[in-house]
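So for the sequence shown, our numbering puts the first residue at 598; every next one is plus one. Shown next, in structure tokens, is the structure this report addresses.
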Amino acid sequence: MNKRAKTTFIQKLPKAKSNYQRYLPFMPLAIEQLDVSKHEIILSSSHAVAKGVLTGPDQLHISYVHSPIRYAWDLQHQYLREVGLDKGIKSYIARMLLHKIRLWDCRTANGVDHFIANSQFIARRIKKVYGRDADVIYPPVDVNRFELNFNKEDYFFTASRLVPYKRIDLIVEAFSEMPNRKLVVIGDGPEMQKIKSKAKTNIEILGYQPDSVMQEYMRNAKAFVFAAEEDFGIIPVEAQACGTPVIAFGKGGALETIRPLGVDKPTGLFFQKQTVADIIEAVTNFDNDFESFNLHDCRNNAEKFSVERFNNEILNYITDKYESFKLKGTSGVCNI
Numbered sequence: 598m599n600k601r602a603k604t605t606f607i608q609k610l611p612k613a614k615s616n617y618q619r620y621l622p623f624m625p626l627a628i629e630q631l632d633v634s635k636h637e638i639i640l641s642s643s644h645a646v647a648k649g650v651l652t653g654p655d656q657l658h659i660s661y662v663h664s665p666i667r668y669a670w671d672l673q674h675q676y677l678r679e680v681g682l683d684k685g686i687k688s689y690i691a692r693m694l695l696h697k698i699r700l701w702d703c704r705t706a707n708g709v710d711h712f713i714a715n716s717q718f719i720a721r722r723i724k725k726v727y728g729r730d731a732d733v734i735y736p737p738v739d740v741n742r743f744e745l746n747f748n749k750e751d752y753f754f755t756a757s758r759l760v761p762y763k764r765i766d767l768i769v770e771a772f773s774e775m776p777n778r779k780l781v782v783i784g785d786g787p788e789m790q791k792i793k794s795k796a797k798t799n800i801e802i803l804g805y806q807p808d809s810v811m812q813e814y815m816r817n818a819k820a821f822v823f824a825a826e827e828d829f830g831i832i833p834v835e836a837q838a839c840g841t842p843v844i845a846f847g848k849g850g851a852l853e854t855i856r857p858l859g860v861d862k863p864t865g866l867f868f869q870k871q872t873v874a875d876i877i878e879a880v881t882n883f884d885n886d887f888e889s890f891n892l893h894d895c896r897n898n899a900e901k902f903s904v905e906r907f908n909n910e911i912l913n914y915i916t917d918k919y920e921s922f923k924l925k926g927t928s929g930v931c932n933i
């Protein structure tokens, strides 16, 4: 489109790219400084504050919400523990700031005409937090860049940023207690040393790798292991696009992207608690039922989340809402 992206003042602050969380108190102010008054349709893509962009009564604002601000709502206590702000005066200040963020977040929901959620899970969060209904359009996954591999190798695979809520440490602990099963881990992050310290000789931790290397390991793996509670979760869909079944924590978006054992054409299975014992049990069950999984079923399921499908759904949605918006705009005109 040859359009230049406009950023806010936060972009110019020190270490804004790597430590953006520290600037959360300034984000509401920053988003409100973006002038979109010349545009009739506003489509915001929001995982924190983008839905708070200022719009007027003659503008249609559709917000595609990946999640209400995680660390301000139901994940506040977990977030404060992870960053060491669960006690003391700094904790009190952080909680006060998050309280103000929540008030702002609720108020700015009134400026959105239509909410789109990236999963049914997030639609329920939107209803809980904002008291608003949301339509669900699953995000796009570029499944065409992944290829099937008919010759699976005898190892399990996981890939992620190594941050606490991804629970890679839990997966590593579980495989450390299963010395006859190999695990390969790709990813880097602040938990790298902690995770390395838990790994036994059957676990290979490769750190950051180029996408081509990650794809190759994913294609060859007998299963992908996923222990996070995600809003949607792109990477389990990518694994299925490779024909690789997924062993996943049974909460969040994974429930909508994986067909579990017990249904027709399964593409994975779930464990119900984020514990070492539950992961071990799930991996054992997977090995026992390995023949139940078909790589074509995995691929076909992944294609339900394709880029082409997303483009069609989002375009049709915006067109439909805009036509209704224009009708409402003319219905109040009185000709004298």
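In this text, a Cβ means the ideal position worked out from N, Cα and C, and glycines have one as well.
Helix, strand or coil for L924? Go by DSSP, reduced to three states.
Taking the sequence shown and counting its residues from 1, the one referred to as residue 924 is at position 327. The answer is helix: DSSP assigns L924 an H, G or I state.
Evaluate M815 with the Cβ neighbour count: other Cβ atoms within 10 Å of its Cβ, from every protein chain shown; 16 or more gives buried, anything less gives exposed.
Counting from one through the sequence shown, the residue named residue 815 turns up at place 218. When all chains shown are included, M815 counts as buried.
Pairwise C-alpha distance: I765 and M775
By one-based count along the sequence shown, residue 775 stands at place 178. By one-based count along the sequence shown, residue 765 stands at place 168. Going from the Cα of M775 to the Cα of I765 covers about 16 Å.
Which whole-angstrom value describes the C-beta separation of G840 and R896, a residue pair presumed to lie in contact below a C-beta threshold of 8 Å?
To locate residue 840, count along the sequence shown from 1; it is residue 243. To locate residue 896, count along the sequence shown from 1; it is residue 299. That belief holds up - the Cβ atoms of G840 and R896 are roughly 5 Å apart, short of 8 Å.
V782 versus N741: straight-line alpha-carbon distance, rounded:
Here residue 782 refers to the residue found at position 185 of the sequence shown. Here residue 741 refers to the residue found at position 144 of the sequence shown. About 23 Å.
Tell me which residues share the same chain as A796 and place their Cβ nearer than 7 Å to its Cβ, disregarding the 5 neighbours each side in the sequence.
For the purposes of this step, residue 796 is taken as the residue at position 199 of the sequence shown. Answer for A796: V769, S773 and I802, listed in chain order.
Buried or exposed for I666, please, with buried defined as at least 16 other CB atoms from any protein chain shown within 10 angstroms of its CB.
In the sequence shown, the residue the question calls residue 666 occupies position 69. Classification for I666: buried.
Please classify E888: is it buried, with 16 or more other beta-carbons within 10 angstroms of its beta-carbon, or exposed?
The sequence position of residue 888 within the sequence shown is 291, counting from 1. With fewer than 16 other Cβ atoms within 10 Å, it is exposed.
Helix, strand or coil for V662, going by three-state DSSP, please let me know.
For the purposes of this step, residue 662 is taken as residue 65 along the sequence shown, with counting starting at 1. Note: V662 maps to strand in three-state DSSP.
Would you say Y727 and A714 are within 7 Å of each other, going by their C-beta atoms?
The residue you call residue 727 lines up with position 130 of the sequence shown. The residue you call residue 714 lines up with position 117 of the sequence shown. For Y727 and A714, no; Cβs fall outside 7 Å.
Quick check on the DSSP output: what are the complete beta strand (DSSP E) runs of length 3 or more inside the stretch 808-878, in order along the chain?
820-823, 843-846 and 865-868
When you compare only the Cα positions, how much space is there between G653 and E910?
Start at 1 with the first residue of the sequence shown, and residue 653 comes out as number 56. Start at 1 with the first residue of the sequence shown, and residue 910 comes out as number 313. Straight-line Cα distance between these residues: approximately 26 Å.
Starting from F718, trace the alpha helix (DSSP H) both ways and give me its first and last residue.
Position 121 of the sequence shown, counting from 1, holds the residue named residue 718. Note, F718: alpha helix (DSSP H), Q717 to Y727.
How is V781 classed by DSSP in three states: helix, strand or coil?
Mapped onto the sequence shown, residue 781 falls at position 184. Three-state DSSP puts V781 in a strand.
8 Å Cβ shell around K724 - same chain, five flanking residues per side excluded
Taking the first residue of the sequence shown as 1, we reach residue 724 at position 127. So the qualifying residues of the chain are D730 and A731.
Are D828 and I719 close, meaning C-beta to C-beta below 7 Å?
For the purposes of this step, residue 828 is taken as residue 231 along the sequence shown, with counting starting at 1. For the purposes of this step, residue 719 is taken as residue 122 along the sequence shown, with counting starting at 1. For D828 and I719, yes; Cβs fall inside 7 Å.
Restricting to runs no shorter than 3 residues, where is the beta strand (DSSP E) found entirely within the stretch 598-684?
638-643 and 657-662
Does DSSP classify V904 as helix, strand or coil?
Taking the first residue of the sequence shown as position 1, residue 904 is located at position 307. Looking at V904 - three-state DSSP - the assignment turns out to be helix.
Could you tell me the distance, in whole angstroms, from the CA atom of A771 to the CA atom of D739?
Position 174 of the sequence shown, counting from 1, holds the residue named residue 771. Position 142 of the sequence shown, counting from 1, holds the residue named residue 739. Rounded to whole angstroms, A771 to D739 spans 31 Å at the Cα level.
Starting from the Cα of H696, find the closest Cα among A669, K749 and N799 and give me that residue.
As a working mapping, residue 696 is identified with position 99 in the sequence shown. Residue A669 is the option with its Cα nearest to H696.
Going by DSSP, what residue range makes up the beta strand (DSSP E) through F754?
What you label residue 754 is simply residue 157 of the sequence shown in a count that begins at 1. Element bounds for F754: F753 to A756.
I734 by DSSP, collapsed to three states: which one?
As a first step, residue 734 must be located in the sequence shown, where it is residue number 137. DSSP places I734 in coil when its eight states are reduced to three.
Just curious, the beta strand (DSSP E) that A714 is in, first and last residue?
As a position in the sequence shown, residue 714 is number 117, starting the count at 1. Looking at the DSSP string, the run of the beta strand (DSSP E) that includes A714 is H711 to A714.
By alpha-carbon positions, which one of A647, D710, V680 and M624 ends up nearest to K925?
Counting from one through the sequence shown, the residue named residue 925 turns up at place 328. Relative to K925, the option among A647, D710, V680 and M624 whose CA is nearest is D710.
Is it the case that the Cβ atoms of A845 and P833 are separated by a distance below 7 Å?
The count along the sequence shown starts at 1 and reaches residue 845 at position 248. The count along the sequence shown starts at 1 and reaches residue 833 at position 236. Cβ atoms of A845 and P833: closer than 7 Å.
Quick one: grab the DSSP three-state call for E888.
Position 291 of the sequence shown, counted from the first residue, corresponds to residue 888. Looking at E888 - three-state DSSP - the assignment turns out to be helix.
Under 8 Å Cβ to Cβ from S688, same chain only, skipping five residues before and after it: list those, please.
By one-based count along the sequence shown, residue 688 stands at place 91. Result list for S688: L677 and L682, in chain order.
Per DSSP, the bridge partner or partners of E801:
The count along the sequence shown starts at 1 and reaches residue 801 at position 204. DSSP lists V781 as partners of E801.
How many Å lie between A691 and P787 at the Cα?
Sequence index remark: in the sequence shown, residue 691 carries index 94 (1-based). Sequence index remark: in the sequence shown, residue 787 carries index 190 (1-based). Cα to Cα, the separation comes out at about 21 Å.
Need the endpoints of the alpha helix (DSSP H) that Q790 sits in, please.
Locating residue 790 in the sequence shown gives position 193, where the first residue counts as 1. M789 to K795 is the span of the alpha helix (DSSP H), which, as asked, contains Q790.
CB contact flag (A550, L767, <7 Å):
This structure cannot speak to residue 550, because the chain is shown only from 598 to 933.
At the level of alpha carbons, what is the spacing between V930 and K648?
Here the question's residue 930 lines up with position 333 in the sequence shown. Here the question's residue 648 lines up with position 51 in the sequence shown. Confidence at V930 is low in this model, with a pLDDT of 38, below 50, so its placement is unreliable and no value can be given for it.
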